[in-house]
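Asks: First the structure, then my questions, so here it is.
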Amino acid sequence: MPANKSKTALLTGATSGIGLEIARGLHLAGWNLVLLSRNFKKLEQVKHQLPQPEKVQCIEVDLCSMNQTKKAALACPAEKLDLIIHNAGGAFGRHQPTDDGFERSLALNYLAPFLLTELLWPKLDKTQGCLIHLSSSAHYKGKIYWEDPNLNQSYFILKAYSQSKLMQLMHARHLATWPQAPACYAVHPGLVKTAIGNKHSLGYMGLIWTLFTNWRGISPKEGADNSLWLANSAAADRPPSGSYLHQRKVKPPLALAQNEEACTRLYHSTKSWLAPWLEKNETPI
Ligand SMILES: NC(=O)c1ccc[n+]([C@@H]2O[C@H](COP(=O)([O-])OP(=O)(O)OC[C@H]3O[C@@H](n4cnc5c(N)ncnc54)[C@H](OP(=O)(O)O)[C@@H]3O)[C@@H](O)[C@H]2O)c1
Numbered sequence: 684m685p686a687n688k689s690k691t692a693l694l695t696g697a698t699s700g701i702g703l704e705i706a707r708g709l710h711l712a713g714w715n716l717v718l719l720s721r722n723f724k725k726l727e728q729v730k731h732q733l734p735q736p737e738k739v740q741c742i743e744v745d746l747c748s749m750n751q752t753k754k755a756a757l758a759c760p761a762e763k764l765d766l767i768i769h770n771a772g773g774a775f776g777r778h779q780p781t782d783d784g785f786e787r788s789l790a791l792n793y794l795a796p797f798l799l800t801e802l803l804w805p806k807l808d809k810t811q812g813c814l815i816h817l818s819s820s821a822h823y824k825g826k827i828y829w830e831d832p833n834l835n836q837s838y839f840i841l842k843a844y845s846q847s848k849l850m851q852l853m854h855a856r857h858l859a860t861w862p863q864a865p866a867c868y869a870v871h872p873g874l875v876k877t878a879i880g881n882k883h884s885l886g887y888m889g890l891i892w893t894l895f896t897n898w899r900g901i902s903p904k905e906g907a908d909n910s911l912w913l914a915n916s917a918a919a920d921r922p923p924s925g926s927y928l929h930q931r932k933v934k935p936p937l938a939l940a941q942n943e944e945a946c947t948r949l950y951h952s953t954k955s956w957l958a959p960w961l962e963k964n965e966t967p968i
């Protein structure tokens with residue numbers, strides 16, 4: 684793996700599962716790391732288990748809160764970012780609006796990454812840089828509920844999760860159309876044996892998740908492979924920007940995500956939802 688001594692990556696959700704393996708893999712490849720997660724103690728443990736903790740900076744943030752997300756972006760100590768990986772995510776058994784009034788999986792899986800991207804955009808290297816969303820094959824079941832993205836009318840865990848994963852993918856595809864942008868990707872890590880299905884879902888669903896992933900799931904290290912491969916590839920060797928990937932291979936995403944007009948509409952709708960946090964931080968395209 685090439686050494687990336689002077690390169691810096693910002694990674695969310697580095698305290699468990701796939702994100703922890705991505706953090707380890709990036710560190711071993713020589714990256715400087717800015718790690719964001721909700722539990723500072725766990726983040727510090729991750730940092731001090733790595734061989735060169737001095738190359739790791741940690742920021743505590745609850746990505747369900749847009750105020751905290753904005754604060755974390757503004758606190759990012761790196762002057763320049765070569766890589767952003769939006770990995771933190773969750774699935775929620777109950778409809779639980781955040782303090783900002785957003786449905787929780789929408790906030791965590793899509794709005795926080797969107798807000799971080801907007802606020803950190805000036806720091807991102809537009810020529811050699813890379814942005815990766817940990818999306819999911821669940822996006823194939825997704826729809827955009829344009830009139831009710833918070834699913835206040837009718838909620839189901841998979842409906843909310845699939846919508847948020849589709850939105851992440853559409854975000855990557857939209858950014859890829861900009862003339863001045865890093866290479867943007869959405870990846871499906873596979874079915875990975877992590878605790879994501881147990882953290883906030885209803886009891887019986889958590890049990891199904893555990894049984895199913897123990898039966899068919901791959902390890903978090905295998906789940907991290909696609910993202911690490913993209914991160915450590917030279918810009919010229921990467922697949923086309925805007926690609927959706929699984930196991931290092933480009934896959935056709937859901938038709939809606941291939942519709943440039945829909946991706947642009949989603950981008951502008953999201954900017955209006957996040958307007959209170961984006962004021963005075965307009966993105967130069
Ligand atoms: N596992 C799969 O089969 C699978 C399949 C497709 C896509 N994905 C996607 O892959 C990504 C990683 O999933 P995973 O399976 O590795 O899940 P995981 O083990 O639950 O890890 C999720 C990470 O996000 C952090 N996090 C959760 N809520 C947060 C919040 N409110 N604020 C800040 N950080 C928060 C978690 O912190 P804690 O350690 O404190 O919980 C953890 O570090 C997710 O985006 C998921 O949707 C996973």
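684 is the number of the first residue of the sequence shown in our numbering; add one for each residue after it. Each residue gets a CB set at the ideal place from its N, CA and C atoms; glycine is no exception. Small disclaimer: the values here were computed from a predicted structure and weren't measured.
Scan the stretch 753-841 and note each continuous beta strand (DSSP E) run of 3 residues or more that stays entirely inside, going in chain order.
Replies: Complete beta strand (DSSP E) runs here, min 3: 766-769 and 813-817.
Asks: Apart from the five residues on each side of it in sequence, which residues of its chain come closer than 6 Å, Cβ to Cβ, to residue 684?
Replies: For the purposes of this step, residue 684 is taken as residue 1 along the sequence shown, with counting starting at 1. Note that residue 684 scores a pLDDT of 49, beneath 50, so its modelled location is shaky; the value from the coordinates is reported in the next line. Excluding sequence neighbours, residue 684 sits near 712 and 915.
Asks: Going by C-alpha distance, which of 928, 913 and 714 is nearest residue 735?
Replies: As a first step, residue 735 is located in the sequence shown; it is residue number 52 there, counting from the start. Ranking the options by Cα distance to residue 735, first place goes to 714.
Asks: Might you give, ordered along the chain, the residues of its own chain that have their beta carbon closer than 8 Å to the beta carbon of residue 968, omitting 5 neighbours on each side?
Replies: Counted from its first residue, the sequence shown places residue 968 at position 285. Reliability of the predicted coordinates at residue 968 is poor, the pLDDT of 44 falling under 50, and the value obtained from them is presented with this limitation in mind. The answer, listed in chain order, is 861, 862 and 863.
Asks: If we ignore side chains and look at the alpha-carbon of each, how far apart do residue 819 and residue 803 end up?
Replies: The residue labelled residue 819 in the question sits at position 136 within the sequence shown. The residue labelled residue 803 in the question sits at position 120 within the sequence shown. Their backbone Cα atoms lie some 24 Å apart in a straight line.
Asks: When you compare the CB of residue 963 with every CB in chain B, is at least one pair closer than 7 Å?
Replies: Annotation note: the requested chain B is absent from the structure, which comprises a single protein chain.
Asks: Tell me whether residue 926 sits in a helix, a strand or coil according to DSSP, three-state version.
Replies: What you label residue 926 is simply residue 243 of the sequence shown in a count that begins at 1. Correct three-state label for residue 926: coil.
Asks: Kindly indicate which residue of 775, 791 and 926 has the alpha-carbon position closest to the one of residue 751.
Replies: The residue you call residue 751 lines up with position 68 of the sequence shown. Residue 791 is the option with its Cα nearest to residue 751.
Asks: Please say whether residue 910 and residue 866 have beta carbons closer to each other than 7 Å?
Replies: Along the sequence shown, one-based indexing puts residue 866 at 183. Along the sequence shown, one-based indexing puts residue 910 at 227. Contact: no.
Asks: Are three or more beta carbon pairs between the stretch 926-944 and the stretch 849-860 nearer than 8 Å?
Replies: Contact holds: three or more Cβ-Cβ distances are below 8 Å.
Asks: How far does the beta strand (DSSP E) with residue 916 in it extend, from its first residue to its last?
Replies: Counting from 1 along the sequence shown, the entry for residue 916 is found at position 233. No beta strand (DSSP E) contains residue 916, which DSSP labels as neither H nor E.
Asks: Spatial neighbours of residue 961 within its chain, please: CB distance less than 7 Å, with the 5 preceding and 5 following residues excluded, ordered by chain position.
Replies: Position 278 of the sequence shown, counted from the first residue, corresponds to residue 961. So the qualifying residues of the chain are 801 and 954.
Asks: Using a Cβ distance threshold of 8 Å, determine whether the stretch 876-884 contacts the stretch 820-830, with at least three qualifying pairs required.
Replies: No: the two stretches stay apart, fewer than three of their Cβ pairs being nearer than 8 Å.
Asks: Assign residue 962 to one of three DSSP states: helix, strand, or coil.
Replies: Sequence index remark: in the sequence shown, residue 962 carries index 279 (1-based). In this structure, residue 962 counts as coil in the three-state DSSP scheme.
Asks: Do residue 816 and residue 769 count as a contact pair if the criterion is CB distance below 7 Å?
Replies: Locating residue 769 in the sequence shown gives position 86, where the first residue counts as 1. Locating residue 816 in the sequence shown gives position 133, where the first residue counts as 1. For residue 769 and residue 816, yes; Cβs fall inside 7 Å.
Asks: Could you check what DSSP says for residue 934 in three-state terms: helix, strand or coil?
Replies: Residue numbering aside, residue 934 sits at position 251 when the sequence shown is read from its first letter. DSSP places residue 934 in strand when its eight states are reduced to three.
Asks: What residues match up with residue 742 in a beta bridge as DSSP calls it?
Replies: Locating residue 742 in the sequence shown gives position 59, counting from the first residue. Paired residues: 719.
Asks: Rounded to a whole number of angstroms, what is the C-alpha to C-alpha distance between residue 727 and residue 754?
Replies: Residue mapping note: residue 727 aligns to position 44 of the sequence shown, counting from 1. Residue mapping note: residue 754 aligns to position 71 of the sequence shown, counting from 1. Distance between the alpha carbons of residue 727 and residue 754: 19 Å.
Asks: Distance check for residue 873 and residue 974, CA to CA, integer angstroms please.
Replies: Outside the modelled stretch of the chain, which goes from 684 to 968, sits residue 974, for which no answer is possible.
Asks: Indicate, with yes or no, if ligand 1 has a heavy atom lying under 6 Å from the CB of residue 705.
Replies: As a working note, residue 705 is residue 22 in the sequence shown. No - ligand 1 has no heavy atom lying nearer than 6 Å to the Cβ of residue 705.
Asks: Over what stretch of residues does the alpha helix (DSSP H) that includes residue 890 continue unbroken?
Replies: Sequence index remark: in the sequence shown, residue 890 carries index 207 (1-based). It spans 886-899 - the alpha helix (DSSP H) in which residue 890 sits, taken as one unbroken run.
Asks: Per the DSSP calculation, residue 869 is bridged to which residue(s)?
Replies: Sequence index remark: in the sequence shown, residue 869 carries index 186 (1-based). Per DSSP, 816 and 927.
Asks: Any heavy atom of ligand 1 closer than 6 Å to the CB of residue 765?
Replies: One-based indexing of the sequence shown puts residue 765 at position 82. No, Cβ of residue 765 sits at least 6 Å from all heavy atoms of ligand 1.
Asks: Can you find at least 3 beta carbon pairs, one from the stretch 778-794 and one from the stretch 731-749, that sit closer than 8 Å?
Replies: The stretch 778-794, when compared against the stretch 731-749, does touch it at the 8 Å Cβ threshold.
Asks: Per DSSP, residue 692 is paired with what?
Replies: By 1-based counting over the sequence shown, the position of residue 692 is 9. Residue 692 pairs with 716 and 766.
Asks: Quick one: is the Cβ of residue 783 within less than 6 Å of any heavy atom of ligand 1?
Replies: Along the sequence shown, read from residue 1 onward, the residue named residue 783 stands at position 100. Every heavy atom of ligand 1 is 6 Å or more from the Cβ of residue 783, so no.
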